[in-house]
Every structure is written in C-alpha cells, then in structure tokens.
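Take a look at the structure below.
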Amino acid sequence: MANGILVHNTTLLDRIRHTNVAGKEAGGITQHIGATEVPIDVVKQLAGPLIKLWKGEIKLPGLLFIDTPGHEAFTSLRARGGSLADLAVLVVDINEGFQPQTIESIEILRRYRTPFIVAANKIDRIKGWVVEEDEPFLVNIKKQDQRAVQELETKLWELIGKFYEMGFQANRFDRVQNFTRELAIVPISAKYGIGVPELLVLIAGLSQKYLEEKLKIEVEGPARGTILEVREELGLGTTIDVIIYDGTLRKDDTIVVGGKDKAIVTKIRALLKPKPLDEIRDPRFRFDQVDEVTAAAGVKIAAPGLEEALAGSPVIAARSEEEIERAKQEILSQIQSVVINTGKLGVIVKADTLGSLEALSKELQEKGIPIRKADVGNVSKTDVMEALSVKEEEPKYGVVLGFNVKVNEDAEEVAKAKGVPIFVGNIIYKLIEDYEAWVKAEEEKRKRELLKNVTFPGVIRLYPDERYVFRRSKPAIVGVEVLEGRIRPGVTLIKETGEKVGVIKSIKNKNDFVQEAKKGDAVAIAIEGAIVGRHIHPGETLYVDLSKNDVIILAKQLRDELEETDIKALKMTAKVKAKQDPFWKAV
Numbered sequence: 001m002a003n004g005i006l007v008h009n010t011t012l013l014d015r016i017r018h019t020n021v022a023g024k025e026a027g028g029i030t031q032h033i034g035a036t037e038v039p040i041d042v043v044k045q046l047a048g049p050l051i052k053l054w055k056g057e058i059k060l061p062g063l064l065f066i067d068t069p070g071h072e073a074f075t076s077l078r079a080r081g082g083s084l085a086d087l088a089v090l091v092v093d094i095n096e097g098f099q100p101q102t103i104e105s106i107e108i109l110r111r112y113r114t115p116f117i118v119a120a121n122k123i124d125r126i127k128g129w130v131v132e133e134d135e136p137f138l139v140n141i142k143k144q145d146q147r148a149v150q151e152l153e154t155k156l157w158e159l160i161g162k163f164y165e166m167g168f169q170a171n172r173f174d175r176v177q178n179f180t181r182e183l184a185i186v187p188i189s190a191k192y193g194i195g196v197p198e199l200l201v202l203i204a205g206l207s208q209k210y211l212e213e214k215l216k217i218e219v220e221g222p223a224r225g226t227i228l229e230v231r232e233e234l235g236l237g238t239t240i241d242v243i244i245y246d247g248t249l250r251k252d253d254t255i256v257v258g259g260k261d262k263a264i265v266t267k268i269r270a271l272l273k274p275k276p277l278d279e280i281r282d283p284r285f286r287f288d289q290v291d292e293v294t295a296a297a298g299v300k301i302a303a304p305g306l307e308e309a310l311a312g313s314p315v316i317a318a319r320s321e322e323e324i325e326r327a328k329q330e331i332l333s334q335i336q337s338v339v340i341n342t343g344k345l346g347v348i349v350k351a352d353t354l355g356s357l358e359a360l361s362k363e364l365q366e367k368g369i370p371i372r373k374a375d376v377g378n379v380s381k382t383d384v385m386e387a388l389s390v391k392e393e394e395p396k397y398g399v400v401l402g403f404n405v406k407v408n409e410d411a412e413e414v415a416k417a418k419g420v421p422i423f424v425g426n427i428i429y430k431l432i433e434d435y436e437a438w439v440k441a442e443e444e445k446r447k448r449e450l451l452k453n454v455t456f457p458g459v460i461r462l463y464p465d466e467r468y469v470f471r472r473s474k475p476a477i478v479g480v481e482v483l484e485g486r487i488r489p490g491v492t493l494i495k496e497t498g499e500k501v502g503v504i505k506s507i508k509n510k511n512d513f514v515q516e517a518k519k520g521d522a523v524a525i526a527i528e529g530a531i532v533g534r535h536i537h538p539g540e541t542l543y544v545d546l547s548k549n550d551v552i553i554l555a556k557q558l559r560d561e562l563e564e565t566d567i568k569a570l571k572m573t574a575k576v577k578a579k580q581d582p583f584w585k586a587v
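Set out below in structure tokens:
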C-alpha cells in the first residue's frame, strides 16, 4: 500500500468510497481523523479511461487516504519530525476562495515540505453549471455554456493569484508543464463526483512518478506509526487509531507508545482493520480482526494501559527487551523535544496533539513569545494557577493559549476570579493574533494610565512685564511662556534653587481653559500657594518638580512618548535638582 494521501474534505472521500460519512458527522463537519484504503482497482474503475492519460502503467497496489478534521490536523501527522503524508490534497471552495484555514494549511504543508494538489471544489455551484455525476472534468466542461466557463476561469485566476502571493506557481492541471514546479489545480464537485477521476489519476500518477524512492517502504521488521486518535470503544476499552508508515505490525506484538509523562509499554490484544473503502471512524462499519498489517495502513489497536496515550505520539513495535528500551528512549526524547517546562517567565501553551503543540510552540518562538510550559491536554486549574504566578511578575505573559482543546470547568472559574486570560482556537496564527492584539490593547491601556498619572518635565518663564501679572495671590495668576517640555494642571513648580513655590491650578490659553501647554505656547496660569513679589517674580524661570519615580517611568516605559523638547526640559530640571540630590546627576 502506498504511503498516506492527506485529504481534509470528507465529502470528497465519500464520493470515492460511495459512502456517507460526512452526513453522519455532527453538522456534516469532520470530527475525527480517519483512514481509508482505496485499492488501485477502485481507482482504475473510478478514473476509467483517464488512466491512459498517464503515460505508463500505475503499479501502486493502492492509496491510503488520511482524512483530517480540517487544517488543524495537518499538524498531528508527524513521523520522525516530518510529515506522515507523502502527498496532500488541499480542498479550496472555488466560490469562497482562500479562508484563514487555507492559509494555515498551506503554511503547515510548506513547513513539512509536503507536496500537494489543489482540489478547487463546488464548481457545481457556479451559476448555470450543468451537472453530470462522476463525469471527468474535461468531459463535463464541454457541456457548459460560455458564461459558466468564463466564471470558472475568473475564479481559477483569482486562486492562481493568491497562490502566487504565497510564493507558488499554480495552474489548471491540464495546463501544467512541470508538476514538480507548478501546483496542479483540479476543478471538482465533491458532491457530484465531477473531476474526481482526474484527481485520482493525478494522485496515483504523481505518487508513483515523484515519490518512487520514498514509496519503497520497508515492510520487513517491526512497525512504526503515529497515533491519530485515542478513543474509548464499547467492549474494547481505550483504543488508538494509528497510521502504520513503516514495517509490519502483528497481533500479540509488544508496542511502545508515548504517554503523558512516560513511554507506555503494552501488548496488542486486537488489531482491527476497516475493510477497503470502509472508514476507520464509523462504529457501524464492521472491523475485521486481523493478525498483521503492513505499511502503509490505518489500523485500530486495542491494548491495556492506553488511557494516557498521546495523540500525535509515535508507536513503535519492539520484539526484544533491548528494542523496548531503545523505543522508550526514542519516544521519550521525541516527547521531551516538544513538551516544554522551563519554569521561566512565559505563556502557558496547551494543544490537542504533540504535532499541533510542536507547530504552535514553533510559531510562538519565532515571534519571540517566551513559553513557560507547553503540554498536551485540556486547560486545567493547574495551568491557570501557573499563569497567575507569571502574571504577578509580567502581566503580558500571564495567559493560557489553548489550541483545539477545551477549558475544564474549575479552570474557567479560577481564570474568571483571578483575571487570567485564556485564549482558545483552532487556527494557530489566529490564536497568536488574538493574543498579540490583547497584549497591544493592554499595553495601550497601561500607557494611558501611566500618561494620566506621571508628571512630564516642563520649564516656563514668567513674562518680565508687570502687565502680565493678573493677580498677585490666592491664587497668583501670571502670563508665562513654555520654554521647553510641557505643563499641566496639578504639577508643582520649583525655582532655580530647588525651592517649591506652588501648584498650577489651571491653564488658560486666550479665552479657553486647557489641560496642557507645550513648548512655544504663551498662556496664563493660576499658581496656588505662590505670591508674586515674595515667592515668584516677573522674568523668573520655573521648573516642573519631578519625582525619581517619574523619571524611571519616563525613561523605561514612556520613552516613545518623550519629544526632544521633553528631554531638554528633563535635563534642565535635573541640573536644578542635582544641587540637592546626587541621583539627578546621572539623568
């Protein structure tokens, strides 16, 4: 059996299987990961004469389709740090175009260097499209009127343009010159089977032509695989759905799988295999108990002690004590390379599988967001308490980010009570975007608070002419020019000697009271506590009094808010204050 073909559209697989798994899923949306074997005879039967278009004989015994619950499950399909699938089919709604999930899927496929074909789905929804079930696209398009064909071409060009923006050359499959350099786009209707024959021929042909070396799977020797899902099955207990990508797995084999914080060693009780064209997820399909499976294959394994098995972790068959020990070390080292526990300041990360945890952690690290803890599983009360301890030191990192997981009830209660933000979602970059937007909003909020409470430096000079003394006391009202920096009501003024002279009660610019006056402004100010002629004099220079805390906040947290004139005012004020306190000499 050829290695995995990754598809994230159940309706498309239904058409190939002539089953209706999508209809049985909640809301018609794929809920779990599954695997379907399609023998080459079925491919030939569905593709019919189109097989001849592929020059040369298709020698593959068949295809193994791995059906994922959308973009996020691409991350689960890991094998030795790479992609478990040899080839992916990226299904895009031709009418809707690129969605956030599409972009995420492409980025993940690019990261794992997985070649892919694009199925441009729902062509049957193009206005006036003539539907003929299971017809090849190249036959079906000849039955369409000019307007429908033109609309299809327009939508295809839009897709091609989007792929170009992401760094890919793409074209309609029958116009592709070189399949190793260009993305093939196959217009299809998964619902009615239009274009599915071409898609199958393309998958089979490309798998054989360009993945020939990779497809020489070693079927001898112990099996290796990846856990797709851990499930509770009636009468079987906890089972694991596994893709075997290497070797042969036998009933009664000892297997080593990745657990929460250990490698689990167990003996297979039953190997359950869906029949060809059946689907691994549906309990109504009869599973065959088999004695062995060879790569590549989807299989359900029943064995004791699988309750703590991790989705996305390796499965390794071992036939001696030495092999068991080696497998344990390999699995533990793989898990430890993904599960993080630094104890340092950073965000708490939870994900549904090891693969998605690895992908999310990598994205966070690339964005310079530190991680304190990254683990598989739902968000627990412990996670929230750990985020709380981080929040006390660095509020922006005191959060939990959860990918494709639930939040436990007690965790939600504590988070609400203690004000710990929890971000959950099933699109990695959207999850990170939401967190970054929150950080930005929090920083703006904190900056607004600081700006409201911090005192900015300012230097003013009273006009020398007595005409600008409007009242001598209670409060003194005088005309001033702002020489450097800024002044606001509520600030204390000091003289050249450092002596305090009073507090600015209000600022008036012509006929209006204002909350701030900056360098170059000529204003009248009321000074509470000062008497003109005794404390202050016309022509005198006064300074806004600053505390050490003001200087620290301005220098560290509000540096971007300081204008050149503020910095000059700060230096002039520091010179005055340094006469009494050496701290100011360093400012």
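Residue numbering for the sequence shown follows UniProt numbering, starting at 1 and increasing by one per position. The beta carbon of each residue, even a glycine, is placed where N, CA and C say it ideally should be.
Worksheet entry | Residues of its chain near lysine 406, where Cβ-Cβ distance is below 6 Å and the 5 sequence neighbours each way are ignored | Within the sequence shown, numbered from 1, the residue matching residue 406 stands at position 406. Non-local beta-carbon contacts of lysine 406 in its own chain, meaning distances under 6 Å to residues more than five positions away in sequence, involve Asn378 in chain order.
Fill in: Outcome for residue 611 when other beta-carbon atoms lying within 10 angstroms are tallied against a minimum of 16
Residue 611 lies beyond the range of the chain shown here (1 to 587); nothing can be said about it.
Fill in: C-beta neighbour in chain C for aspartate 241, strict 8 Å
Among the chains of the structure shown, chain C does not appear; only one protein chain is present.
Fill in: Continuous beta strand (DSSP E) stretch holding asparagine 171: start and end
For the purposes of this step, residue 171 is identified with residue 171 of the sequence shown, where counting begins at 1. Its beta strand (DSSP E) spans residues 170-172.
Discussion item. Tell me which residues share the same chain as alanine 574 and place their Cβ nearer than 7 Å to its Cβ, disregarding the 5 neighbours each side in the sequence.
Written reply: The residue labelled residue 574 in the question sits at position 574 within the sequence shown. Correct list, in chain order: Trp584 and Val587.
Fill in: Span separating the alpha-carbon of residue 594 from that of serine 337
Beyond the ends of the chain as shown, which are 1 and 587, falls residue 594; an answer cannot be given.
Item to complete: For alanine 526, write down the residues that DSSP places opposite it in a beta bridge.
Response: Translated into the one-based positions of the sequence shown, residue 526 becomes position 526. DSSP, once it has assigned bridges, lists Ile477 and Ser506 as partnering alanine 526.
Worksheet item: The beta strand (DSSP E) spanning phenylalanine 287 covers which residue range?
Response: Walking along the sequence shown from the start, residue 287 turns up at place 287. Phenylalanine 287 -> beta strand (DSSP E) spans 287-290.
Practice prompt. Leaving aside the five residues before and after isoleucine 126 along the sequence, list all residues of the same chain whose C-beta is less than 7 Å from its C-beta, in chain order.
Written response: Mapped onto the sequence shown, residue 126 falls at position 126. Counting only Cβ-Cβ distances below 7 Å, and skipping sequence neighbours, we find Ala148, Glu151 and Leu152.
Worksheet item: Between glutamate 363 and the rest of its own chain, which residues show a CB-CB distance below 8 Å, the 5 nearest in sequence each way excluded?
Response: Locating residue 363 in the sequence shown gives position 363, counting from the first residue. Same-chain partners within the cutoff: Ile428, Tyr429 and Ile432.
Discussion item. For the alpha helix (DSSP H) containing threonine 154, name the first residue and the last one.
Written reply: In the sequence shown, the residue the question calls residue 154 occupies position 154. Per DSSP, the continuous alpha helix (DSSP H) segment holding threonine 154 begins and ends at 146-165.
Discussion item. At the level of alpha carbons, what is the spacing between arginine 224 and leucine 138?
Written reply: Walking along the sequence shown from the start, residue 224 turns up at place 224. Walking along the sequence shown from the start, residue 138 turns up at place 138. The alpha-carbon atoms of arginine 224 and leucine 138 are separated by roughly 40 Å.
Practice prompt. Let me know the beta strand (DSSP E) ranges lying completely inside the stretch 317-392, each 3 residues or longer, listed in chain order.
Written response: 347-351 and 371-376
Worksheet entry | Element boundaries [alpha helix (DSSP H), containing valine 414] | For the purposes of this step, residue 414 is identified with residue 414 of the sequence shown, where counting begins at 1. Taken as a continuous stretch (DSSP letters only), the alpha helix (DSSP H) holding valine 414 covers 409-418.
Worksheet entry | At least three beta-carbon pairs within less than 8 Å, the stretch 109-118 to the stretch 83-100 | Three or more beta-carbon pairs drawn from the stretch 109-118 and the stretch 83-100 are found closer than 8 Å, and the two stretches are therefore classed as touching.
Worksheet entry | C-beta atoms of isoleucine 188 and valine 196 nearer than 8 Å | Within the sequence shown, residue 188 is the residue found at index 188, counting from 1. Within the sequence shown, residue 196 is the residue found at index 196, counting from 1. Yes; because the gap between Cβ atoms is below 8 Å, this pair is in contact.
Item to complete: With DSSP collapsed to three states, give me the class of leucine 558.
Response: By 1-based counting over the sequence shown, the position of residue 558 is 558. Leucine 558: coil per DSSP, three-state reduction.
Worksheet item: Assuming isoleucine 301 contacts valine 242 under a Cβ cut-off of 8 Å, what Cβ separation, rounded to an integer in Å, is found between them?
Response: Start at 1 with the first residue of the sequence shown, and residue 301 comes out as number 301. Start at 1 with the first residue of the sequence shown, and residue 242 comes out as number 242. Yes, isoleucine 301 and valine 242 are in contact; Cβ-Cβ is about 6 Å, under 8 Å.
Worksheet entry | Segment limits, beta strand (DSSP E) that includes asparagine 121 | Taking the first residue of the sequence shown as position 1, residue 121 is located at position 121. Residues 116-121.
Worksheet entry | Delimiting residues of the alpha helix (DSSP H) encompassing leucine 46 | In the sequence shown, residue 46 corresponds to position 46, counting from 1. Segment 40-47, the alpha helix (DSSP H) holding leucine 46.
Discussion item. Quick check on the DSSP output: the alpha helix (DSSP H) that includes alanine 295 runs from which residue to which?
Written reply: Position 295 of the sequence shown, counted from the first residue, corresponds to residue 295. Per DSSP, alanine 295 belongs to no alpha helix (DSSP H) and is neither H nor E.
Worksheet item: Which two residues bound the contiguous alpha helix (DSSP H) that contains tyrosine 397?
Response: Position 397 of the sequence shown holds residue 397. Neither: tyrosine 397 is in no alpha helix (DSSP H) and is coded neither H nor E.
Worksheet item: Given that a residue counts as buried once 16 or more other Cβ atoms are within 10 Å of its Cβ, and exposed if not, what is threonine 353?
Response: The residue labelled residue 353 in the question sits at position 353 within the sequence shown. With 16 or more Cβ atoms within 10 Å of its Cβ, threonine 353 is classed as buried.
Worksheet entry | Whether isoleucine 185 touches glutamate 135 by CB criterion (8 Å) | The residue given as residue 185 occupies position 185 in the sequence shown. The residue given as residue 135 occupies position 135 in the sequence shown. Result no, Cβ atoms of isoleucine 185 and glutamate 135 do not sit closer than 8 Å.
Worksheet item: Alpha carbon to alpha carbon, what distance is there between valine 544 and glutamate 563?
Response: On the sequence shown, position 563 is the one that residue 563 refers to. On the sequence shown, position 544 is the one that residue 544 refers to. Rounded to whole angstroms, glutamate 563 to valine 544 spans 16 Å at the Cα level.
Discussion item. Let me check one thing: in DSSP terms, what residues is glutamine 314 bridge-paired to?
Written reply: Within the sequence shown, the letter at position 314 stands for residue 314. Note that residue 314 corresponds to proline in the displayed sequence, not to glutamine. Proline 314 pairs with Thr226.
Practice prompt. Decide if glutamine 329 is buried, meaning its Cβ has at least 16 other Cβ atoms within 10 Å, or exposed.
Written response: Numbered from 1 along the sequence shown, position 329 holds the residue referred to as residue 329. The residue is exposed, with fewer than 16 neighbouring Cβ atoms inside 10 Å.
Fill in: Simplified DSSP state of lysine 191, which is helix, strand or coil
To locate residue 191, count along the sequence shown from 1; it is residue 191. If DSSP states are grouped into helix, strand and coil, lysine 191 belongs with coil.
Worksheet item: Three or more beta-carbon pairs under 8 Å between the stretch 382-392 and the stretch 412-423, yes or no?
Response: Contact between the stretch 382-392 and the stretch 412-423 is present, because at least three Cβ pairs lie under 8 Å.
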